[in-house]
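Working notes, structure below.
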Amino acid sequence: TAKDLKPILKFINSHRTPDNVDYFGKAKGKNVFVFHLESLQQFMIGYKWDGQTVMPNLTKFYHNKNTLGFDNFFNQVGQGKTSDAETMLENSLYGLPSGSAMVNYGGSNTFNAAPAILDQQGYTTAAFHGDVASFWNRDNTYKSWGYDYFFSKPFYPNSENPNYNVGYGMKDKIFLRDSAQYIEQLPQPFYAKIITVTNHYPYDLDKENQTIKPFDTGDNTVDGYVQTARYLDQSFGEFITWLKKAGLYKNSMIVLYGDHYGISNNHRPAIAKLLHKDSINNYDLAQFQKVPFMIHMNGLKGGINHTYGGEIDVLPTLLDLLGIKDDEYVQFGSDLLSPKHPGIVPFRDGNFVSKDYTKFGNQYYVTSSGEEVFPSKDANVKKEIDADQSFVDTTLEDSDKVIMGDLLRFYHPHDFQPVDKKDISYKVSTT
Ligand code: GP9
Ligand code: MN
Numbered sequence: 224t225a226k227d228l229k230p231i232l233k234f235i236n237s238h239r240t241p242d243n244v245d246y247f248g249k250a251k252g253k254n255v256f257v258f259h260l261e262s263l264q265q266f267m268i269g270y271k272w273d274g275q276t277v278m279p280n281l282t283k284f285y286h287n288k289n290t291l292g293f294d295n296f297f298n299q300v301g302q303g304k305t306s307d308a309e310t311m312l313e314n315s316l317y318g319l320p321s322g323s324a325m326v327n328y329g330g331s332n333t334f335n336a337a338p339a340i341l342d343q344q345g346y347t348t349a350a351f352h353g354d355v356a357s358f359w360n361r362d363n364t365y366k367s368w369g370y371d372y373f374f375s376k377p378f379y380p381n382s383e384n385p386n387y388n389v390g391y392g393m394k395d396k397i398f399l400r401d402s403a404q405y406i407e408q409l410p411q412p413f414y415a416k417i418i419t420v421t422n423h424y425p426y427d428l429d430k431e432n433q434t435i436k437p438f439d440t441g442d443n444t445v446d447g448y449v450q451t452a453r454y455l456d457q458s459f460g461e462f463i464t465w466l467k468k469a470g471l472y473k474n475s476m477i478v479l480y481g482d483h484y485g486i487s488n489n490h491r492p493a494i495a496k497l498l499h500k501d502s503i504n505n506y507d508l509a510q511f512q513k514v515p516f517m518i519h520m521n522g523l524k525g526g527i528n529h530t531y532g533g534e535i536d537v538l539p540t541l542l543d544l545l546g547i548k549d550d551e552y553v554q555f556g557s558d559l560l561s562p563k564h565p566g567i568v569p570f571r572d573g574n575f576v577s578k579d580y581t582k583f584g585n586q587y588y589v590t591s592s593g594e595e596v597f598p599s600k601d602a603n604v605k606k607e608i609d610a611d612q613s614f615v616d617t618t619l620e621d622s623d624k625v626i627m628g629d630l631l632r633f634y635h636p637h638d639f640q641p642v643d644k645k646d647i648s649y650k651v652s653t654t
């Protein structure tokens with residue numbers, strides 16, 4: 224009931240952070256691209272293999288003077304993988320302890336999601352994905368989130384050509400090329416989310432698109448990753464070239480994020496080899512959960528930001544840049560640009576990385592050094608770790624209550640226009 228929201232609002236209100244005066248509103252009225260980099264991990268930015276930089280376009284973009292790059296940004300997904308990432312990015316709500324929030328609640332719940340918030344600022348909103356619309360229940364969820372358009376498989380005539388598909392959908396280069404004709408027609412300003420898919424396990428790619436040799440860890444589930452990651456980088460490079468040609472590069476804020484790991488923690492020996500280490504401990508595995516997060520805009524003051532944060536923090540961060548006040552929203556993350564960002568990153572299983580400590584697999588470490596600590600032997604350490612853990616547990620539980628109780632249906636932030644799903648229909652197909 225509405226009463227259940229009270230303690231949750233109290234918790235959220237006690238953790239609200241101020242905007243960053245240097246960044247607030249800097250992207251007001253710009254087009255926004257949110258570019259979903261499937262399974263891409265942060266270690267691949269700048270990574271060298273086979274005598275080459277594997278991802279030259281993304282690496283250059285990361286270091287561009289107008290790009291804010293984040294080097295302590297973590298994925299926080301659970302079983303819902305991509306769908307958890309999307310839920311966090313566009314709602315600042317966590318995925319669920321098991322299953323997928325989009326699948327189980329996406330169609331029925333009330334949300335205060337990014338597309339609906341931007342709609343009120345006069346934005347056109349569209350999502351693009353070269354797979355069937357029903358995957359992760361996107362077709363229903365995107366309506367609840369207020370997307371005006373969802374361009375999925377039936378919008379892409381090339382998706383019928385078997386040579387143009389690999390793994391979970393269309394090859395990224397073809398998908399992006401074919402998306403261009405729709406993007407060009409969107410009334411500006413627009414918010415466009417573009418979900419790539421080729422860099423997805425099992426990292427299959429046709430011979431002619433393989434432009435770097437596979438890793439040699441000897442672990443079959445890992446070795447192809449470098450080839451599809453390279454392909455993703457080229458796809459992104461081509462897309463940027465097109466954006467410049469189309470005149471969209473200069474008046475857009477381009478946001479990139481990796482949704483989750485591509486190499487799971489079950490592959491320790493392979494991970495050790497890739498990171499040039501003799502062995503891997505739990506601290507390394509926690510660090511290995513970093514994914515790229517970058518924000519680029521013409522004229523933006525760039526640089527590498529070291530704030531400890533994650534996917535839950537993206538929406539408040541983007542709203543700060545867009546100059547949209549979010550003090551009233553139910554959001555579990557905080558603005559990464561805020562001088563008061565708490566610097567705690569909860570993982571879905573209750574582990575965490577904070578700017579001070581890391582808890583992973585029942586072990587504790589100093590985050591800055593990786594040195595193991597034992598809270599049972601040090602009262603001061605224990606006090607700080609307990610405080611972090613209590614924040615982590617409360618925020619995850621509260622987020623779960625919001626989703627499982629559909630609590631936002633009782634909540635009416637006053638500059639928010641509820642989504643009317645009857646106004647929205649997408650062309651979908653099931654094949
Ligand atoms: C499918 C794609 C993959 O449409 O987004 O989802 P994932 O397996 O990464 O969760
Ligand atoms: Mn994914």
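Position in the sequence shown counted from 1, then plus 223, gives you full-length UniProt numbering. Ideal Cβ placement from N, Cα and C applies to all residues, glycine included.
Using the three-state DSSP reduction, which class does residue i fall into: helix, strand or coil?
i           : result
residue 488 : coil
residue 408 : coil
residue 286 : helix
residue 596 : strand
residue 302 : coil
residue 275 : strand
residue 349 : strand
residue 326 : helix
residue 316 : coil
residue 531 : coil
residue 589 : strand
residue 379 : coil
residue 634 : coil
residue 365 : helix
residue 296 : strand
residue 614 : helix
When we look at the beta-carbon of residue i and count the other beta-carbons within 10 Å, is it buried (16 or more) or exposed?
i           : result
residue 236 : exposed
residue 521 : exposed
residue 545 : buried
residue 577 : buried
residue 280 : buried
residue 260 : buried
residue 608 : buried
residue 227 : exposed
residue 412 : buried
residue 425 : exposed
residue 564 : buried
residue 324 : buried
residue 534 : buried
residue 498 : exposed
residue 415 : buried
residue 483 : buried
residue 313 : buried
residue 591 : exposed
Using a Cβ-Cβ distance cut-off of 8 Å, determine whether residue i contacts chain D.
i           : result
residue 328 : Any reference to chain D falls outside this structure, which holds one protein chain only.
Are residue i and residue j touching if we call contact CB-CB under 8 Å?
i           : j           : result
residue 505 : residue 612 : no
residue 326 : residue 571 : no
residue 478 : residue 256 : yes
residue 247 : residue 559 : no
residue 295 : residue 519 : no
residue 264 : residue 447 : no
residue 329 : residue 392 : no
residue 250 : residue 517 : no
residue 543 : residue 335 : no
residue 351 : residue 397 : no
Segments of 3+ residues assigned as beta strand (DSSP E) that fall wholly inside the segment 247 to 272: 254 to 260
Anything with a beta carbon under 5 Å from a heavy atom of the ligand GP9 counts; list them all in chain order. 304, 305, 354, 358 and 391
If we require 3 or more residues per run, which beta strand (DSSP E) segments fall completely within the segment 443 to 527? 475 to 481 and 516 to 520
Which whole runs of the beta strand (DSSP E) in the segment 388 to 436 are 3 residues long or more, in chain order? DSSP runs (the beta strand (DSSP E)) wholly in the segment 388 to 436: 413 to 418.
Those runs of the beta strand (DSSP E) which lie wholly inside the segment 540 to 586 and span at least 3 residues: Fully enclosed beta strand (DSSP E) runs of 3 or longer: 567 to 569, 575 to 577 and 580 to 583.
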